[in-house]
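Here is the structure we will look at.
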Ligand SMILES: NC(=O)c1ccc[n+]([C@@H]2O[C@H](COP(=O)([O-])OP(=O)(O)OC[C@H]3O[C@@H](n4cnc5c(N)ncnc54)[C@H](O)[C@@H]3O)[C@@H](O)[C@H]2O)c1
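Numbering (the numbering used here), first residue to last: 3 to 103.
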């Protein structure tokens with residue numbers, strides 16, 4: 003049984019990951035570590051989880067259908083928690099196409 007957490011290196015996702023790892027669950031984190039804010043913060047968010055055998059980081063984009071198919075065919079995913087998103091109201095007005103792909 004696996005939990006797939008999109009955006010699992012982000013603020014909310016990484017807290018969910020922490021809790022699931024603490025509970026002994028198997029967690030796959032799909033995150034592209036985008037540069038909306040410093041990716042080093044995201045790497046730090048998951049630095050403890052990376053030490054766990056139950057945790058796997060897949061650096062990739064949720065918009066990559068081929069990758070999603072690979073993940074779902076490689077792992078038995080039972081739960082998906084999907085907080086991955088490009089946040090930011092003001093930047094979405096400055097560059098709307100970035101948010102609409
Ligand atoms: N933090 C809050 O207070 C709050 C409040 C209300 C709603 N939300 C919503 O919850 C969600 C998560 O918020 P957060 O604060 O954890 O944001 P965050 O930016 O810290 O985390 C989002 C994560 O998603 C990843 N990501 C972005 N686009 C991706 C893509 N295409 N493929 C894979 N990964 C991608 C980013 O790298 C990041 O790690 C967002 O939708 C946000 O709008 C957050």
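Where is the CB? At the ideal position from N, CA and C, for every residue including glycine.
Local Cβ density within 10 Å of residue i, reported as buried at 16 or more and exposed below that
i: residue 43; result: exposed
i: residue 84; result: exposed
i: residue 39; result: exposed
i: residue 16; result: buried
i: residue 10; result: buried
i: residue 6; result: buried
Contact test: residue i Cβ vs ligand 1 heavy atom, cutoff 7 Å
i: residue 13; result: yes
i: residue 40; result: no
i: residue 45; result: no
i: residue 96; result: no
i: residue 56; result: no
i: residue 64; result: yes
i: residue 20; result: no
i: residue 93; result: no
i: residue 32; result: yes
The beta strand (DSSP E) enclosing residue i, as first and last residue numbers
i: residue 1; result: Nothing in the structure corresponds to residue 1, since the chain is present only between 3 and 103.
Bounding residues of the alpha helix (DSSP H) (the contiguous stretch that carries residue i)
i: residue 44; result: 41-47
i: residue 102; result: Careful: residue 102 lies outside any alpha helix (DSSP H) and carries neither H nor E.
Q | Sufficient close CB pairs (3 or more, under 8 Å) joining the segment 23-38 to the segment 65-82 | A | yes
Q: Say whether the segment 54-74 touches the segment 91-99, bearing in mind that this needs 3 or more beta-carbon pairs closer than 8 Å, one atom from each stretch.
A: no
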